[in-house]
Every structure is written in C-alpha cells, then in structure tokens.
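Trainee:
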Amino acid sequence: MANIDVTLKEMMSVDGAIGAAVVDYGSGMALGTLGGSKDLDLQVAAAGNTEVIKAKLRTMEALRLHEGIEDILITLSAQYHIIRPLSGRSGKGLFLYLALDRQRANLALARHSLRSIEEALEV
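In this text, residue positions in the sequence shown follow UniProt numbering: the first is 1, and each later residue adds one.
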C-alpha cells in the first residue's frame, strides 16, 4: 500500500512525466504535488481539472450514464494531461493528475502505469 508521497514519486517515474498531483475534487485542493514548472502550476491545474471532472460527472448524470470514468485525456500540442478519478472506496472524491511531455511519453504505457499506481494507493 502506497501513501500519497510514494504515489507522486511513482507517477513522476512514468516516462515523460513533468508534473503529478493527487487532488480532492470536492474542494479543488491538491493533497500533494510533485514536479511542475513556472509554465505548469500544479495548484492551478488541480483547481482547473476539478472543474473538468465535475462537468463530466454532471453530463453523465444528465445522460443517465451509470458508468465510472476511467480517465480523461487532454491532448495539447506538446503535452498530454491525464485525469484519473480514484475508484476505490478510500479514494472516493480524489483524482490523479499526470502531465506528460508528448515527445517523451508513451500514452498507452502511462495510462497503464496510472491504473497500477491507483491500485496501490491507500488514502
């Protein structure tokens, strides 16, 4: 079982990782961050991606879709941003956020790694 600090280190070990966060989407606050830069403020990303999650959940409810979100992918010209809501009982209301350099990242492998990292996280 991994704690938040270990989880963030594992997320940053994914090829191409430039920033990672564990976020409470009820409040929009990051419980922990690692990486980032002057161009990638992880606190701002946490708050902004909270709105993405909430909007998608509202839309799914309106469409009467009774499925869970596996992940949300945002593709930029130079980066990938992956938002992965935690599905376990202890992680309800939290999501993993991983920003990747598109030139160095393998998207399929990153998604697979996040799934494994999520399974090991104990909040």
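Don't be surprised by glycine CBs; every beta carbon is placed ideally from N, CA and C.
Are the beta-carbon atoms of Asp-24 and Leu-31 separated by less than 8 Å?
Mentor: yes
Trainee: Round the Cβ separation of Leu-98 and Ile-82 to the nearest angstrom and send it over; I've been treating them as touching at under 8 Å.
Mentor: 5 Å
Trainee: Is the beta carbon of Leu-42 sitting closer than 8 Å to the one on Leu-86?
Mentor: no
Trainee: Leaving out five residues on either side along the sequence, give the residues of the same chain with a beta carbon under 6 Å from the beta carbon of Gly-28.
Mentor: Ala-47, Thr-50
Trainee: Within the continuous alpha helix (DSSP H) that includes Asp-24, where are the two ends?
Mentor: Asp-24 -> not in any alpha helix (DSSP H); beta strand (DSSP E) instead, spanning 17 to 24.
Trainee: Could you tell me whether the Cβ atoms of Leu-40 and Gly-19 are closer together than 8 Å?
Mentor: Between Leu-40 and Gly-19, the gap from beta carbon to beta carbon is short of 8 Å.
Trainee: Could you round the C-beta distance between Ile-117 and Leu-96 to whole angstroms and report it? I think they count as a contact, below 8 Å.
Mentor: Contact between Ile-117 and Leu-96 is confirmed by a C-beta separation of about 7 Å, below the 8 Å threshold.
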